[in-house]
Amino acid sequence: MQFEIDSLREINLKLLAEITELRKENAKVKAENIERDKEKTTLIAKLDDDIRKIKQEQNAVNILSESNTSIPKSPIHSITSQSSISPSIEEISKQSDYSDYSIEKNNADPISQDFDLIPLD
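Residue numbers (full-length UniProt numbering): 1 to 121.
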């Protein structure tokens with residue numbers, strides 16, 4: 001009978017030691033989870049901020065492109081064909097035509113092109 005009691009005490013001590021180790025491991029895992037949650041929260045906040053900035057930029061691009069299309073073109077093109085116009089006005093007209101082209105080219109929706117590069121998984 002005494003042998004059985006000693007054997008059970010030995011098993012009990014081993015189990016208590018194992019419980020202590022498992023509690024230490026559990027505390028370590030909980031600390032790691034807390035750290036990951038903090039990092040996750042920080043990354044989510046950064047993503048939300050980036051999304052907000054992208055939406056603002058997209059809205060600005062949309063507003064700019066809408067304002068460019070709603071402004072009527074000046075009749076400089078028809079006037080420049082007349083020989084009585086001074087060369088400086090013709091140069092201004094050419095520069096204006098080029099700047100209109102570059103504005104339209106710059107409004108080619110670069111943000112949506114960037115979204116194609118983002119993996120969805």
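Every residue gets a Cβ at the ideal spot worked out from N, C-alpha and C, and that includes glycine. None of these values were measured; they are calculated from a predicted model.
Using a Cβ-Cβ cutoff of less than 6 Å, which residues in the same chain neighbour residue i once the five nearest sequence positions on both sides are dropped?
| i | result |
| --- | --- |
| Gln2 | none |
| Lys30 | none |
| Lys53 | none |
| His77 | With a pLDDT of 49 at His77, under the threshold of 50, the modelled position of that residue is not reliable, and no figure is offered here. |
Please list, in chain order, all residues of the same chain as residue i whose beta carbon is under 8 Å from its beta carbon, the five residues on each side excluded.
| i | result |
| --- | --- |
| Glu35 | none |
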